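Novice: With UniProt numbering, the residue at position 464 of the sequence shown is 464, and numbering never jumps.
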Amino acid sequence: MELNVNQFKKDYLRRLKAKSGRPLEESTVWDQYHALGSLIKEYMTDDWVGTSIAYNKLDTRQVFYFSMEFLTGKLLCDYMHAMGVFEVVEQGLTDLGLSLETISEAERDQGLGNGGLGRLAACFMDSMASVGIPGHGIGIRFNFGLFEQKIINGYQVEFPDRWLENRNVWEVKMPDKAVEVHFGGSVRQDYIGGRNVFFLENTEVVMAVPYDTPIPGYQNGIVNTLRLYSAEAKTPDFDLAGFSRGDYNRVFSEKYAVEAISQVLYPDDAYENGRLLRLKQEYFFVSAGLQGIMRSFKRSGLPIRDFHKYNAIHINDTHPALAIPELMRLLMDIEELNWEEAWKITTQTISYTNHTLLHEAMEKWPVDVMKSLLPRIFMIIEEIDRRFNQITERLYHQVDPRRSQQMAIIGDGQVRMAHLCIVGSHSVNGVAKLHSELLATKELKPFNEFYAGKFNNKTNGITHRRWLLHSNPRLSAHITEAIGDEWIKEPESLGRLMKYHSDPAYLEKLMAIKRANKVDFSNYLHKTSGVSIDPDSIYDIQIKRLHEYKRQTLNILHIMSMYLRLKEDPDLDLIPRTFLFGAKAAPGYQTAKQTIKLINAVGDLINADKDVNEKLKVVFVENYGVTVAEHIIPSADISEQISTASKEASGTGNMKLMMNGAVTVATLDGANIEILEAVGKDNIFLFGLTAEEVYRYTENHSYKAFEIYQNNPLLRRAIDMMTDGTLNVSPEEFYLIRSALLDHNDAFFVLKDFESYANIQKKACEAYRDKKRWSAMSLVNIAKSGIFSSDRTIRDYNRDIWKAPVFETLKGSL
Ligand code: 26V
Numbered sequence: 001m002e003l004n005v006n007q008f009k010k011d012y013l014r015r016l017k018a019k020s021g022r023p024l025e026e027s028t029v030w031d032q033y034h035a036l037g038s039l040i041k042e043y044m045t046d047d048w049v050g051t052s053i054a055y056n057k058l059d060t061r062q063v064f065y066f067s068m069e070f071l072t073g074k075l076l077c078d079y080m081h082a083m084g085v086f087e088v089v090e091q092g093l094t095d096l097g098l099s100l101e102t103i104s105e106a107e108r109d110q111g112l113g114n115g116g117l118g119r120l121a122a123c124f125m126d127s128m129a130s131v132g133i134p135g136h137g138i139g140i141r142f143n144f145g146l147f148e149q150k151i152i153n154g155y156q157v158e159f160p161d162r163w164l165e166n167r168n169v170w171e172v173k174m175p176d177k178a179v180e181v182h183f184g185g186s187v188r189q190d191y192i193g194g195r196n197v198f199f200l201e202n203t204e205v206v207m208a209v210p211y212d213t214p215i216p217g218y219q220n221g222i223v224n225t226l227r228l229y230s231a232e233a234k235t236p237d238f239d240l241a242g243f244s245r246g247d248y249n250r251v252f253s254e255k256y257a258v259e260a261i262s263q264v265l266y267p268d269d270a271y272e273n274g275r276l277l278r279l280k281q282e283y284f285f286v287s288a289g290l291q292g293i294m295r296s297f298k299r300s301g302l303p304i305r306d307f308h309k310y311n312a313i314h315i316n317d318t319h320p321a322l323a324i325p326e327l328m329r330l331l332m333d334i335e336e337l338n339w340e341e342a343w344k345i346t347t348q349t350i351s352y353t354n355h356t357l358l359h360e361a362m363e364k365w366p367v368d369v370m371k372s373l374l375p376r377i378f379m380i381i382e383e384i385d386r387r388f389n390q391i392t393e394r395l396y397h398q399v400d401p402r403r404s405q406q407m408a409i410i411g412d413g414q415v416r417m418a419h420l421c422i423v424g425s426h427s428v429n430g431v432a433k434l435h436s437e438l439l440a441t442k443e444l445k446p447f448n449e450f451y452a453g454k455f456n457n458k459t460n461g462i463t464h465r466r467w468l469l470h471s472n473p474r475l476s477a478h479i480t481e482a483i484g485d486e487w488i489k490e491p492e493s494l495g496r497l498m499k500y501h502s503d504p505a506y507l508e509k510l511m512a513i514k515r516a517n518k519v520d521f522s523n524y525l526h527k528t529s530g531v532s533i534d535p536d537s538i539y540d541i542q543i544k545r546l547h548e549y550k551r552q553t554l555n556i557l558h559i560m561s562m563y564l565r566l567k568e569d570p571d572l573d574l575i576p577r578t579f580l581f582g583a584k585a586a587p588g589y590q591t592a593k594q595t596i597k598l599i600n601a602v603g604d605l606i607n608a609d610k611d612v613n614e615k616l617k618v619v620f621v622e623n624y625g626v627t628v629a630e631h632i633i634p635s636a637d638i639s640e641q642i643s644t645a646s647k648e649a650s651g652t653g654n655m656k657l658m659m660n661g662a663v664t665v666a667t668l669d670g671a672n673i674e675i676l677e678a679v680g681k682d683n684i685f686l687f688g689l690t691a692e693e694v695y696r697y698t699e700n701h702s703y704k705a706f707e708i709y710q711n712n713p714l715l716r717r718a719i720d721m722m723t724d725g726t727l728n729v730s731p732e733e734f735y736l737i738r739s740a741l742l743d744h745n746d747a748f749f750v751l752k753d754f755e756s757y758a759n760i761q762k763k764a765c766e767a768y769r770d771k772k773r774w775s776a777m778s779l780v781n782i783a784k785s786g787i788f789s790s791d792r793t794i795r796d797y798n799r800d801i802w803k804a805p806v807f808e809t810l811k812g813s814l
């Protein structure tokens, strides 16, 4: 948009006064933030309204991305960049004696997600708008996002994330678009006018009230919408009679029970624990979202039989799987279509992404729970299952009689949500080549054989605007200086940087930028936690959720072994290294929590020991999330992507780090394999078992972790450090970690991969010594990162799955 500094200052001062009731001199940082947010939102309004009018007018096919999680982070700076007003606003604020940096720190992170899956959804929102796809997000407006983590005495302690306590300037409440969602009750069946009719009776009604947040594309005038639903008690149910009798307790407890649905995000990211409230959350937003879509579709006057031509609904993992039976219900029970018509529309509308192969994360709901919470939905699932079984029975009963049961949607008293998604959609994709291949050839093989062509791959991506342009301004400027700014819209043109591959001046500047970013991060860390780190040491970074399969344990055991070596030989020629960890553990995941304590205990030991602390430092960065990531990533030298091969579906932190010039230490897992293909084997440090080897060892039980423990003295001493008193803890402190490794035969092959990890770490250090070589590696990583932009991912989804129109801009369509 067109905006000059003077106009901005005038608008801003007026807004600040109106919002805070105070003049600039007396305003708080929060007043300043709030006024700026409200002004920026207003600047966006014309395009936002215009976009939805244009989509309606053009009868556009639209994409709805249903996701339980959107891990958006802060929005202010993102918005200003998208609107092209960042510099003007920054200048205007400076003129007024204010600092944009300070003001933007007042914004709370929108932390409505656990990790990769939720952040991916947020990146997709940005890319859909920027690429010009009419695509919106549908989810839940949780009152509490992912818990805030504090490290107290080395332990993770969780605190509620009250992100809404000072209001959210970006959202707009839409009470007129509220819909009812029904739970429980019973189904009455009747036969009227030649067809079966179903009535849901005696249900518990919950109001789903949408809050809309604008999602502007990058300087293209398009503003899509993220719609998050909040649960509210329905007013008539809010028992006024009871209230006037003074029966407050009951009245409020009912209200609280209803509103509990959108109270809090479940903090487990890979462990399905079958809680009823979680199932309620899933149905709540899916039903509300579909009713909203249906309502606006009907308003357009288009025939219901064309629903799938105008609406593409994508489900992010199985959490929104009930979209399938819910759409069937709306089409049959409300729109009066028959089963065959409804089924065709539903399957043509819905597409599904699988994000994990871990069995413990697969959603399954007990039949009795589903039946009593959602009786009509369960009936529909049963019918989908019955019809599907009929076909598989007929096909396989002779050749492979067990196959039909294996593929069933309902089995062993449970509803298998992944099976429901596969049967009820027209596309099933994995999130990296290896992951998609393992889905099709191993985990979901029978389905891939049954549905030729339904399975496909869409390698994940990240928005290079947030993760490079905004969070690393120095590097962005250096890139633009060399190749122009086309990469902002066409990230693959970052490839043009390759011509600087052997340009000493360019590479030197690249290293100077890294150094400056490292200083920035060390200042940030010092300010936020009091910890000092040395910008001249290697920053070796592992930031992700804490999980055994991600193997933070391998990293810390290796650090412990370096410590032991240094203690023996203090003159060991090591480049000083700072190991940084950032990770949240699910509150109930004890092994993960012990790992956090272990990292902190090792850090306490090493950082206080003069024999080693010139060369080694271990820091656990508290409360890892989007904002912390934005500070750390630009400063990284080494990116740790060390999951057990086959376990990490894709990873996206790996992409963010490479894009910022970090070199990856990697197993052949997830998207690491595609990073290898992009940069070549000389620009990445590979180690460890392959996925195939992991499968083989797991199948034939030939791996013996204890033998490695016995035969590798250094590794043994590192493991024993957990119990022998070296660390300032009781010998039982880390019993779960030790017993997972030694008593339960190390399911994630930490011991097996240890030696090869230690070797590659040595190589990485040697490479770092050679500054010229390192800077060229770093450059290659940046130059080849364009394919990992979520713009590419979104274009792939749209080309193969959604097939929505792509608008360069909407200006002129109004
Ligand atoms: C699963 C569950 C199970 C029920 C309890 C709550 C809950 C919450 C989230 C999940 C999803 C786990 C799957 C997941 O996050 N996968 C990650 O997806 C990323 C984006 O595709 C990918 O990069 C990571 O490799 C993958 O682990």
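Just so it is clear, CB atoms sit at the ideal spot from N, CA and C, and this is done for glycine as well. Predicted model, so just to flag it, every value in this text is computed and none were measured.
Any idea if Leu497 is buried or exposed, counting beta-carbon neighbours within 10 angstroms, 16 or more meaning buried?
Specialist: Numbered from 1 along the sequence shown, position 497 holds the residue referred to as residue 497. Counting Cβ neighbours within 10 Å, Leu497 comes out buried, since at least 16 surround it.
Novice: Is any heavy atom in ligand 1 found nearer than 6 Å to the beta carbon of Asn316?
Specialist: On the sequence shown, residue 316 is found 316 positions in, with the first residue counted as 1. Result no, Cβ not under 6 Å from ligand 1.
Novice: Measure the beta-carbon distance from Leu657 to Ala636 and round it to whole angstroms, keeping in mind my assumption that it falls under 8 Å.
Specialist: For the purposes of this step, residue 657 is taken as the residue at position 657 of the sequence shown. For the purposes of this step, residue 636 is taken as the residue at position 636 of the sequence shown. Contact holds; Cβ gap of about 5 Å.
Novice: First and last residue of the beta strand (DSSP E) that includes Ile215?
Specialist: Indexing the sequence shown from 1 puts residue 215 at position 215. It spans Glu204 to Pro216 - the beta strand (DSSP E) in which Ile215 sits, taken as one unbroken run.
Novice: Report yes if the CB atom of Phe579 is closer than 7 Å to the CB atom of Asp534, and no otherwise.
Specialist: Here the question's residue 579 lines up with position 579 in the sequence shown. Here the question's residue 534 lines up with position 534 in the sequence shown. No, they are not a contact pair.
Novice: Examine the Cβ distances between the region 359 to 372 and the region 125 to 136 and report whether three or more of them are shorter than 8 Å.
Specialist: Contact between the region 359 to 372 and the region 125 to 136 is absent, because fewer than three Cβ pairs lie under 8 Å.
Novice: What whole-angstrom Cβ distance do Cys123 and Gly461 have, given they're in contact under 8 Å?
Specialist: For the purposes of this step, residue 123 is identified with residue 123 of the sequence shown, where counting begins at 1. For the purposes of this step, residue 461 is identified with residue 461 of the sequence shown, where counting begins at 1. Contact holds; Cβ gap of about 7 Å.
Novice: With distances taken Cα to Cα, identify the nearest neighbour of Ala718 among Thr591, Leu75 and Val602.
Specialist: Counted from its first residue, the sequence shown places residue 718 at position 718. Here the closest residue by C-alpha is Val602.
Novice: With distances taken Cα to Cα, identify the nearest neighbour of Ser790 among Thr459, Ile673 and Lys57.
Specialist: Taking the sequence shown and counting its residues from 1, one reaches residue 790 at position 790. Selected option, being the one with the closest Cα: Thr459.
Novice: Do Phe455 and Ala440 come within 7 Å of each other at the CB atom, strictly closer than that value?
Specialist: Here residue 440 corresponds to residue number 440 of the sequence shown, with the count starting at 1. Here residue 455 corresponds to residue number 455 of the sequence shown, with the count starting at 1. Yes.
Novice: Buried or exposed: which applies to Phe199, given that a residue is buried once 16 or more other Cβ atoms fall within 10 Å of its Cβ?
Specialist: On the sequence shown, position 199 is the one that residue 199 refers to. Exposed.
Novice: So Ser425 packs on Ser351, CB below 8 Å; how close in whole Å?
Specialist: To locate residue 425, count along the sequence shown from 1; it is residue 425. To locate residue 351, count along the sequence shown from 1; it is residue 351. The pair is a contact, with the Cβ atoms about 5 Å apart (cut-off 8 Å).
Novice: Tell me the rounded alpha-carbon separation between Leu572 and Ala767.
Specialist: Numbered from 1 along the sequence shown, position 572 holds the residue referred to as residue 572. Numbered from 1 along the sequence shown, position 767 holds the residue referred to as residue 767. Distance between the alpha carbons of Leu572 and Ala767: 17 Å.
Novice: Does ligand 1 have a heavy atom nearer than 6 Å to the CB of residue 818?
Specialist: This structure cannot speak to residue 818, because the chain is shown only from 1 to 814.
Novice: Taking His478 as the reference, which of Tyr506, Leu395 and Arg465 has the closest Cα?
Specialist: Residue mapping note: residue 478 aligns to position 478 of the sequence shown, counting from 1. Checked all of Tyr506, Leu395 and Arg465; the closest Cα to His478 is Tyr506.
Novice: Are the region 609 to 616 and the region 627 to 634 touching, with three or more C-beta to C-beta distances below 8 Å?
Specialist: No contact exists between the region 609 to 616 and the region 627 to 634.
Novice: Does the distance between the C-beta of Asp796 and the nearest non-hydrogen atom of ligand 1 fall short of 6 Å?
Specialist: Position 796 of the sequence shown, counted from the start, is the residue given in the question as residue 796. For ligand 1, not one heavy atom lies less than 6 Å from the Cβ of Asp796.
Novice: Along the chain, where does the beta strand (DSSP E) containing Trp365 start, and where does it finish?
Specialist: What you label residue 365 is simply residue 365 of the sequence shown in a count that begins at 1. Its beta strand (DSSP E) spans residues Lys364 to Pro366.
Novice: Taking Cβ positions, are His182 and Val205 nearer each other than 7 Å?
Specialist: Translated into the one-based positions of the sequence shown, residue 182 becomes position 182. Translated into the one-based positions of the sequence shown, residue 205 becomes position 205. Against a cut-off of 7 Å, the Cβ pair of Val205 and His182 comes out as a contact.
Novice: Per the DSSP calculation, Gln406 is bridged to which residue(s)?
Specialist: Numbered from 1 along the sequence shown, position 406 holds the residue referred to as residue 406. Looking at the DSSP assignment, Gln406 forms no beta bridge with any residue, so it has no partner.
Novice: Counting C-beta neighbours from all protein chains within 10 Å, is the total for Tyr703 16 or more, i.e. buried, or is it exposed?
Specialist: Position 703 of the sequence shown holds residue 703. Label assigned to Tyr703: buried.
Novice: Please identify the residue among Tyr283, Met511, Tyr218 and Leu444 whose C-alpha is closest to the C-alpha of Trp487.
Specialist: The count along the sequence shown starts at 1 and reaches residue 487 at position 487. Nearest of Tyr283, Met511, Tyr218 and Leu444 to Trp487, Cα basis: Tyr218.
Novice: Does DSSP classify Ser785 as helix, strand or coil?
Specialist: Position 785 of the sequence shown, counting from 1, holds the residue named residue 785. Helix at Ser785.
Novice: If we ignore side chains and look at the alpha-carbon of each, how far apart do Trp339 and Asn196 end up?
Specialist: The residue you call residue 339 lines up with position 339 of the sequence shown. The residue you call residue 196 lines up with position 196 of the sequence shown. Rounded to the nearest angstrom, the two C-alpha atoms are 11 Å apart.
Novice: Buried or exposed, going by whether 16 or more other CB atoms sit within 10 Å of the CB of residue 822?
Specialist: Since the first residue of the chain shown is 1 and the last is 814, residue 822 is not available in this structure.
Novice: What does the alpha-carbon distance come out to for the pair Thr667 and Phe687?
Specialist: To locate residue 667, count along the sequence shown from 1; it is residue 667. To locate residue 687, count along the sequence shown from 1; it is residue 687. Distance between the alpha carbons of Thr667 and Phe687 is about 5 Å.
Novice: Quick one: what's got a C-beta closer than 6 Å to Arg108's C-beta in the same chain, skipping five residues either side?
Specialist: Counting from one through the sequence shown, the residue named residue 108 turns up at place 108. Correct list, in chain order: Trp163.
Novice: Would you kindly work out how many angstroms separate the C-alpha atoms of Leu457 and Thr60, rounded to a whole number?
Specialist: Working through the sequence shown from its first residue, we reach residue 457 at position 457. Working through the sequence shown from its first residue, we reach residue 60 at position 60. This sequence places Asn at residue 457; Leu is not what is there. For Asn457 and Thr60, the distance between alpha carbons rounds to 26 Å.
Novice: What's the C-alpha gap between Gly21 and Asp11?
Specialist: Within the sequence shown, the letter at position 21 stands for residue 21. Within the sequence shown, the letter at position 11 stands for residue 11. Distance between the alpha carbons of Gly21 and Asp11: 15 Å.
Novice: Please list the terminal residues of the continuous alpha helix (DSSP H) segment that includes Gly653.
Specialist: Position 653 of the sequence shown holds residue 653. First-last of the alpha helix (DSSP H) with Gly653: Gly653 to Met659.
Novice: Just tell me which of Leu676, Arg696, Ser775 and Tyr549 has its CA closest to the CA of Phe748.
Specialist: By one-based count along the sequence shown, residue 748 stands at place 748. When each option's Cα is compared against that of Phe748, the closest is Tyr549.
Novice: Pull up the CB-CB distance for Thr346 and Met328, whole angstroms please, since I reckon it's below 8 Å.
Specialist: Along the sequence shown, read from residue 1 onward, the residue named residue 346 stands at position 346. Along the sequence shown, read from residue 1 onward, the residue named residue 328 stands at position 328. Contact flag correct, Cβ pair sits at about 5 Å.
Novice: Quick check on this structure: which residue in Leu93, Ser372 and Ala432 has the alpha carbon closest to the alpha carbon of Glu677?
Specialist: Here the question's residue 677 lines up with position 677 in the sequence shown. Checking every option, the nearest Cα to that of Glu677 belongs to Ala432.
Novice: Are at least three pairs of beta-carbons, each pair with one atom in the region 758 to 775 and one in the region 91 to 103, less than 8 Å apart?
Specialist: These segments do not touch.
Novice: Given Val29, which residues of its chain have a CB within under 7 Å of its CB, disregarding the five upstream and five downstream residues?
Specialist: Your numbering for residue 29 matches position 29 in the sequence shown. Around Val29: Thr102, Ile103 and Ala106.
Novice: Could you check if Leu444 is buried or exposed, using at least 16 other CB atoms within 10 Å of its CB as the buried criterion?
Specialist: Along the sequence shown, read from residue 1 onward, the residue named residue 444 stands at position 444. Burial call: buried.
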